[in-house]
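Counting from 74, one number per residue, gives the positions in the sequence shown under the numbering used here. All residues carry an ideal CB built from backbone N, CA and C; glycine is no exception. Because the structure is a prediction, the values reported are computed rather than measured. Below: the structure, in structure tokens.
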Amino acid sequence: MGLSEASGQRDTQALLPVTQAMELRKRDYHVERPLMNQEQLEELGCWTSATRTYQWRTWFHTYRCVPRCSRARAQALLFQHLPVLAWLPRYSLRDWLLGDLLAGLSVAIMQLPQGLAYALLAGLPPVFGLYSSFYPVFIYFLFGTSRHISVGTFAVMSVMVGSVTESLAPDENFLQGANSTVDEVARDGVRVQLASTLSVLVGLFQVGLGLVRFGFVVTYLSEPLVRGYTTAASVQVFISQLKYVFGLQLSSHSGPLSLIYTVLEVCWKLPQSVVGTVVTALVAGVALVLVKLLNDKLRRYLPMPIPGELLTLIGATGISYGVGLKPRFGVDVVGNIPAGLVPPAAPSPQLFASLLGYAFTIAVVGFAIAISLGKIFALRHGYRVDSNQELVALGLSNLIGGVFQCFPVSCSMSRSLVQESAGGNTQVAGAVSSLFILIIIVRLGELFRDLPKAVLAAAIIVNLKGMLMQFTDIRSLWKSNRMDLLIWLVTFVATILLNLDIGLAVAVVFSLLVVIVRTQLPRYSVLGQVPDTDIYQDVAEYSEAREVPGVKVFRSSATMYFANAELYSDALKQRCGVDVDRLISQKKKRLRRQEQKLKRLQKSLQKQTAASEGASVSIHVNTSVRDMESNNMEDSKAKASIGKELEDTAASGQEDVKAPNGSTLKALGLPQPHFHSLVLDLGALSFVDTVCIKNLKNIFRDFREIEVEVYMAACHTPVVAQLEAGNFFDASISKQHLFASVHDAVLFALQHPRSGPASPVSMTKL
């Protein structure tokens, strides 16, 4: 087989300088190799089926089997699950320490206001946001593999926790006295227990999934799904902060349509807004926006961003204390922040049953956000993030944090970007930030008791800018991929209407359904040869591609399995231009008529034989012996001639049924297909199941019935092994029907046509 590169020189030369293009014209590339089917390829390459080793068996023998234990294995296992022992001894103080210290200080400055604010999102006292900014961060320093992500409180996780605490411990359950005031101490105690127990369950789920190597679960959360989900969560965060911005007392809503009810209630109670609270929130919001704009303009000149949130919190606390915003203007403040750390407390097992569903959802969402950001930074800085170890690290952070009364945490995008831009190099930056938070908890936390909650709400809303800007995805996805846009919109609408937990489940199910629909509606193509090449392309897309006379080449853009196998067969028969089923049905009818004709002839023979035997029995007494002998001779000749005629007819009928020449479409008076060979391009086939194997066998059977030989091409080695394991190859279908490329199959089909000689013109062109 020859291959010339002349046809592609025009496109290649357009991309090359003139001198190189002239050199290319002088060259003549020519590649030759023999035709090769699957058997010849396996013999030439010495193919042997690889022994399958199950992952759990390898894991068991590697890490759990006592006879195979050694010091090296134990050390590798320790370094794998406690990465700090691997990278900390190689830590470069000269190159990395200063950057990590500055990054840790910058992140701690952001962590303080965000911890206080996100605790309000979770429905908890602000100090628990500081606890959640210390314990989990330090645990991740020991077990995490990402050098740049900032673990701690996160808006999406906090609002998910808040939906749980407010639904299981609403304000209505803690009303007291005639004026129906809420017992905040009792309510906060119950909510803290709910949040810490939820954090323990989230940690258990994440650690368990990480230990069984289940990190691939995040692959089911596509980027449009995650972005649509986080956009909807940011809208929920925005709506949840309106009560602090306007100083309103709202009822607790949970379950489907809770966001709609909250918006309606805010609109209904808007005339009851506290003017001082609204003014405080507006001033704080404007100040934060101005500082962020200033940071953007002076980014290249500043060693670290201006800590706008911290300065705003300090200024607002001082103004609130000096002016007396709470007693004079009714502005709600944070209140008492106890100094020091709280002792560990065991989770409540009685709450496990009611929190399991929420815990799994929060565990998956938290891991998806953390690993997505981790991989982005890892690709940017050239190192590897272990998704399974990240699950374990995040799970231990939540598990141990829950014991110390923290709520579930994840990774913050804004803090991670600050940690990277401030010069953070390793996980030491996270440890430094956690130590600064510890100092604030022990000594400085009580200074923020007069901080207005409206300022924290303004800080949360301003920090939502990045996630709210994801609404621009609608325009970009409309231009690039409408199906991804549909996933984005369904995820957003479901999360807004059905709440965060049910919305995520609906989004995942819809995303999987979209994948199934895409495999059920692939693109089917009839291929033609591009002139002077061995390349085959869709004749509907390439005007120069021509079908090879006598050979039909068919390709599907998706793998064939139980959900689309029947659609594959229907499309194949439709694109071939021959009504295969009708032709087979007519052939069977005409063969059936031949069988009926044969049966009628057999019955006629039996009747004639019986009549001749009856006639020979009558004997005339006066007949002479010579006359009798002559009569017997004539009867025998008559019977012999009738029998010979019937045998010939029967034999011809049987040949029509059994012999190929007698049952051909031409012999039966039926039209023949305009091609004698069919080539199935199975390059898109990634796996086969029993339905696929059965469907391929049916294709071979049906097209052979209409005198078309079928060949398969471009199968990957795992697919060939699966076909062999599924008993696809037999006496009628061998590996000689399977070729390494479409061109090989076409050439073989032209050299060995099932009916009629190959066209010399076609062979020459090929």
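Secondary structure at residue i, three-state DSSP: helix, strand or coil?
{"i": "LYS625", "result": "strand"}
{"i": "GLU842", "result": "The requested residue 842 is not part of the displayed model; the chain covers only 74 to 839."}
{"i": "LEU248", "result": "strand"}
{"i": "PHE821", "result": "helix"}
{"i": "VAL599", "result": "strand"}
{"i": "VAL404", "result": "coil"}
{"i": "ALA786", "result": "strand"}
{"i": "VAL588", "result": "helix"}
{"i": "GLU105", "result": "strand"}
{"i": "LEU811", "result": "strand"}
{"i": "THR254", "result": "strand"}
{"i": "PRO422", "result": "helix"}
{"i": "PRO209", "result": "helix"}
{"i": "PRO156", "result": "coil"}
{"i": "ARG619", "result": "strand"}
{"i": "LEU76", "result": "Confidence at LEU76 is low in this model, with a pLDDT of 36, below 50, so its placement is unreliable and no value can be given for it."}
{"i": "PRO844", "result": "Lying before the first or after the last residue shown, residue 844 is absent from the chain, which here runs from 74 to 839."}
{"i": "PRO416", "result": "coil"}
{"i": "THR126", "result": "Any reading at THR126 needs caution, since the residue's pLDDT is 46, under 50, leaving its predicted position unreliable; the model's value is listed next. In this structure, THR126 counts as coil in the three-state DSSP scheme."}
{"i": "PRO604", "result": "coil"}
The alpha helix (DSSP H) spanning residue i covers which residue range?
{"i": "CYS340", "result": "331-342"}
{"i": "ALA466", "result": "460-476"}
{"i": "CYS765", "result": "763-778"}
{"i": "SER272", "result": "257-284"}
{"i": "SER483", "result": "That residue, SER483, is in no alpha helix (DSSP H); its beta strand (DSSP E) goes 483-485."}
{"i": "ASP173", "result": "166-194"}
{"i": "ARG648", "result": "638-648"}
{"i": "VAL651", "result": "Segment: none, VAL651 is in no alpha helix (DSSP H) and carries neither H nor E."}
{"i": "LEU367", "result": "348-370"}
{"i": "VAL237", "result": "228-241"}
Taking 6 Å as the limit between beta carbons, can you name the residues of its chain near residue i, skipping five residues before and five after?
{"i": "VAL528", "result": "ALA357 and ALA389"}
{"i": "LEU282", "result": "LEU464"}
{"i": "LEU645", "result": "PHE627"}
Any heavy atom of the ligand HEM within a distance shorter than 7 Å of the CB on residue i?
{"i": "MET540", "result": "Only the bare structure without any ligand can be found here, which leaves the ligand HEM out of the picture."}
With distances taken from CA atoms, which of the options is nearest residue i?
{"i": "LEU108", "options": "GLY408, ALA786, ALA804 and ILE514", "result": "ALA786"}
{"i": "GLN314", "options": "ALA531, ILE514 and LYS662", "result": "ALA531"}
{"i": "ALA42", "options": "ARG628, ASP803 and LYS680", "result": "In the structure as shown, the chain starts at 74 and stops at 839, and residue 42 therefore has no counterpart that could be examined."}
{"i": "VAL612", "options": "TYR784, THR737, VAL624 and SER598", "result": "SER598"}
{"i": "GLY650", "options": "VAL624, GLN602 and ALA305", "result": "VAL624"}
{"i": "THR592", "options": "MET633, ILE608, ALA580 and SER616", "result": "MET633"}
{"i": "PRO416", "options": "ARG457, ILE473, GLU463 and LEU428", "result": "ILE473"}
{"i": "VAL200", "options": "GLN187, LEU753, ILE547 and TRP169", "result": "GLN187"}
{"i": "TYR293", "options": "GLU778, ARG488 and ILE442", "result": "ILE442"}
{"i": "VAL404", "options": "VAL458, VAL348, PRO380 and ALA426", "result": "VAL348"}
{"i": "LEU449", "options": "ALA822, LEU738, ARG167 and SER219", "result": "Looking at the sequence shown, residue 449 is not Leu but Ile. Per the Cα distances, SER219."}
{"i": "ALA845", "options": "PHE801, SER759 and VAL280", "result": "The requested residue 845 is not part of the displayed model; the chain covers only 74 to 839."}
{"i": "LEU174", "options": "ALA502, THR254 and ILE212", "result": "ALA502"}
Could you pull the start and end residues of the beta strand (DSSP E) that residue i belongs to?
{"i": "LEU114", "result": "Here LEU114 belongs to no beta strand (DSSP E); instead the alpha helix (DSSP H) covers 111-118."}
{"i": "GLY225", "result": "223-225"}
{"i": "VAL752", "result": "750-754"}
{"i": "ASP611", "result": "609-611"}
Distance cutoff 8 Å, beta carbons only. Does residue i sit that close to anything in chain D?
{"i": "ARG673", "result": "This model lacks chain D altogether; it includes just one protein chain."}
Suppose the cutoff is 8 Å on Cβ atoms and the five residues either side in sequence are ignored; what does the same chain contact list for residue i look like?
{"i": "LEU550", "result": "PRO297, ASP557, LEU558 and TRP561"}
{"i": "PHE289", "result": "SER460"}
{"i": "SER421", "result": "GLN266 and THR270"}
{"i": "TYR615", "result": "GLY601 and VAL603"}
{"i": "ALA259", "result": "PHE247"}
{"i": "GLY430", "result": "ASP574"}
{"i": "SER346", "result": "PHE319, GLY320 and LEU321"}
{"i": "SER427", "result": "LEU241"}
{"i": "VAL19", "result": "The first residue shown for the chain is 74 and the last is 839, placing residue 19 beyond what the model contains."}
{"i": "PHE216", "result": "HIS154, LEU155, PRO156, VAL157, GLN462, VAL465, ALA466, LEU469 and SER470"}
Using a Cβ-Cβ cutoff of less than 7 Å, which residues in the same chain neighbour residue i once the five nearest sequence positions on both sides are dropped?
{"i": "HIS825", "result": "none"}
{"i": "TYR334", "result": "HIS326"}
{"i": "ALA181", "result": "SER506, PHE509 and ILE510"}
Exercise. Does the pairing of the region 388-408 with the region 517-534 give three or more beta-carbon distances under 8 Å?
Worked result: Judged by Cβ distances under 8 Å, the region 388-408 makes contact with the region 517-534, as three or more pairs qualify.
Exercise. Between the region 319-326 and the region 549-558, do three or more beta carbon pairs fall short of 8 Å?
Worked result: Counting Cβ pairs under 8 Å, fewer than three are found: no touch.
Exercise. If you pair each beta-carbon of the region 471-483 with each one of the region 198-209, do three or more pairs fall below 8 Å?
Worked result: Per the Cβ contact rule, the region 471-483 is in contact with the region 198-209 (3 or more Cβ pairs under 8 Å).
Exercise. How do the region 432-451 and the region 459-472 stand: do at least 3 beta-carbon pairs fall below 8 Å, yes or no?
Worked result: The region 432-451 vs the region 459-472: in contact.
Exercise. Taking one C-beta from the region 497-510 and one from the region 293-309 each time, how about it: are there three or more such pairs within less than 8 Å?
Worked result: Look at the beta carbons and you see the region 497-510 not touching the region 293-309: under three pairs across the two are nearer than 8 Å.
Problem set entry | Inter-stretch contact (C-beta, 8 Å, three-pair minimum) for the region 110-120 and the region 797-815 | Between the region 110-120 and the region 797-815, the count of Cβ pairs shorter than 8 Å is three or higher; the stretches touch.
Exercise. Just checking, does the region 760-779 make contact with the region 662-677 on the three C-beta pairs under 8 Å criterion?
Worked result: Taking a cut-off of 8 Å on C-beta distances, the region 760-779 does not touch the region 662-677, as fewer than three cross pairs fall below it.
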